[in-house]
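In the numbering used here, the protein residues as written are 3 to 487.
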């Protein structure tokens, strides 16, 4: 071996040994950082448990808010169909784009492809949105809760539960959340199913576990107790109706249950403070339709327009509608901005496409308006549900009846997603409608918003064309629901 090769070999060996040393140093540093973080968190948990022993006071539960105190009409007005007038010649729609969709067979296969990395620890199995999920958990999570419930017992619970290694469980719940496309509420439902499975028959333990898991997930959560019952208290970015709450530092903490609504008229003992860095508020807005078990249902939606009868075959996922069954009643903006499921969007677009193509923008919007006005049967929420319940668009397809806000929500989705037009919601006392911005100027009732004219389109005023507001609301100024924010 010549001198050059020997020198090169020596240099490579030294470099390799240096890299090994550097790698060892890096691993040592990582271990030190992990140990320091665990020590810091342990100290936080001890301090929080100590805080929980002595910082409780009673807070009166406030009565739940009502969404709209003005009754909606039991009978809705109807007019004879009329021709629409366009002030200038408008271009015709050449093509309605159909969104990509998954084949049913692929969708059904995906039901069993929601998995996470498992360990040798004990396992639990839950059913979430029709999907069987498996997770690891430490058996020590099933801590006995002292009775009667008091500050000391809850502080002891926190101290005990925080000393159990729950890293794997949190990693798995985070992985499931991402795969299932869950928003904050969906994540709460997932944790709720887990805690119910772990706690057995103890509702108090389930709520304490849920409080712990939400807090450790970064959410500002509290628990309270009254009459030997534990209550979960959660603040929310959105206003929630039909659920009682306590006010702490000018912030509402709702007595949320994920199986039923809590309406309390008692004082709840809780604390004024929070776990470090647990600052997130529950956000009820929905960016993605959750991935649930595929239970596809087909139905025919029939309507007529200009003396022609149409029948639109629609496919929707029943499990998606069931997911929204106990969703908190919240701001209308949340419903207006929520997407329709892929199956329903695809089938509606395919069915409406040949009817809309070749029409002007205004005429196509009028077709969609007549479709929503007459293809869906009307009943108030009181008649159908016994109380106020705004529906997401998937629910409007699922339930046999809908009222004014439900129709406005699904109409706005069709207008913006099929025709690509800008739409706003109109919130009147006792009524909800919409208004649409068209490229061409049109006659009729309008709303001026952000220096733009929006033409009133009322999906509940039967046979009314675009530009026709209900007579009762012609002179009423509505609250605008901006869907572009």
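Glycine included, C-beta positions come from ideal geometry on N, C-alpha and C.
Item, Value
"Take residue 261 and list the residues in its own chain whose beta-carbon comes closer than 8 angstroms to its own, dropping the five residues that flank it on each side.", "194, 328"
"Could you please give the first and the last residue of the uninterrupted alpha helix (DSSP H) stretch that includes residue 163?", "153 to 164"
"From residue 99 to residue 141, what does the alpha carbon distance come to, in whole angstroms?", "53 angstroms"
"Any C-beta of chain B sitting closer than 9 angstroms to the C-beta of residue 396?", "Absence of chain B from the displayed structure is noted, only one protein chain being present."
"Assuming residue 66 contacts residue 232 under a Cβ cut-off of 8 angstroms, what Cβ separation, rounded to an integer in Å, is found between them?", "20 angstroms between Cβ atoms; not a contact."
"In the DSSP output, what is residue 272 paired with across the bridge?", "59"
"Can you tell me whether residue 470 is buried or exposed? The criterion is at least 16 other CB atoms within 10 Å of its CB, across all chains shown.", "buried"
"Tell me the residue span of the alpha helix (DSSP H) that contains residue 235.", "Careful: residue 235 lies outside any alpha helix (DSSP H), inside the beta strand (DSSP E) at 231 to 235."
"Quick one: using the 10 Å Cβ neighbour count with 16 as the cut-off for buried, is residue 119 buried or exposed?", "exposed"
"Quick one: give me the first and last residue of the alpha helix (DSSP H) that residue 406 is part of.", "406 to 416"
"Say whether the stretch 306 to 314 touches the stretch 266 to 280, bearing in mind that this needs 3 or more beta-carbon pairs closer than 8 angstroms, one atom from each stretch.", "no"
"Under 9 angstroms between the Cβ atoms of residue 284 and residue 187?", "yes"
"Between residue 330 and residue 290, is the Cβ-Cβ spacing less than 9 angstroms?", "no"
"Pull the bridge partners of residue 459 from the DSSP assignment, please.", "436"
"According to the neighbour-count rule (16 or more other Cβ atoms, all chains shown, within 10 Å of its Cβ), is residue 200 buried or exposed?", "buried"
"How many whole angstroms separate the CB atoms of residue 303 and residue 366, which I take to be in contact at a CB cut-off of 8 angstroms?", "Actually they are not in contact, since the Cβ atoms of residue 303 and residue 366 sit about 17 angstroms apart, beyond 8 angstroms."
"Taking the Cβ atom as the reference point for each residue, do residue 83 and residue 463 lie within a distance shorter than 9 angstroms?", "no"
"Ordered along the chain, which non-local residues of its own chain (more than five positions away) have a Cβ less than 6 angstroms from that of residue 276?", "222"
"So, do the stretch 391 to 403 and the stretch 411 to 428 have three or more beta carbon pairs nearer to each other than 8 angstroms?", "yes"
"Confirm, please, whether the CB-CB distance from residue 236 to residue 255 is below 9 angstroms.", "yes"
"With a Cβ-Cβ cutoff of 9 angstroms, do residue 451 and residue 429 count as a contact?", "no"
"Alpha carbon to alpha carbon, how far is residue 69 from residue 476? Give it in angstroms, no decimals.", "23 angstroms"
"Need the endpoints of the beta strand (DSSP E) that residue 449 sits in, please.", "448 to 451"
"Could you spell out where the beta strand (DSSP E) holding residue 514 opens and where it closes?", "In this structure the chain extends from 3 to 487, so residue 514 is not present and cannot be described."
"In terms of alpha-carbon separation, which member of 415, 406, 281 lies closest to residue 472?", "406"
"Between which two residues does the beta strand (DSSP E) containing residue 484 stretch?", "481 to 484"
"How big is the Cα-Cα spacing for residue 33 and residue 273?", "The pLDDT assigned to residue 33 is 48, lower than 50, so where the model puts this residue is not dependable, and the model offers no usable value."
"Can you list, in chain order, the residues of its chain with a C-beta nearer than 6 angstroms to that of residue 108? Leave out the 5 residues immediately preceding and following it.", "With a pLDDT of 43 at residue 108, under the threshold of 50, the modelled position of this residue cannot be trusted, and the question is left open."
"What are the boundary residues of the beta strand (DSSP E) that residue 227 is part of?", "224 to 228"
"My understanding is that residue 448 touches residue 438, with C-beta atoms under 8 angstroms, so please give their C-beta distance in whole angstroms.", "The pair is not a contact, with the Cβ atoms about 10 angstroms apart (cut-off 8 angstroms)."
"Any idea what DSSP makes of residue 252, helix, strand or coil?", "coil"
"Measuring straight from C-alpha to C-alpha, what distance separates residue 381 and residue 460?", "16 angstroms"
"As a quick exercise: from 102, 52, 61, 46, pick the residue whose alpha carbon is nearest that of residue 352.", "102"
"Identify every residue that forms a DSSP beta bridge with residue 1.", "The requested residue 1 is not part of the displayed model; the chain covers only 3 to 487."
"Please report the residue range of the beta strand (DSSP E) in which residue 305 lies.", "298 to 307"
"Less than 9 angstroms between the beta carbons of residue 175 and residue 192, yes or no?", "yes"
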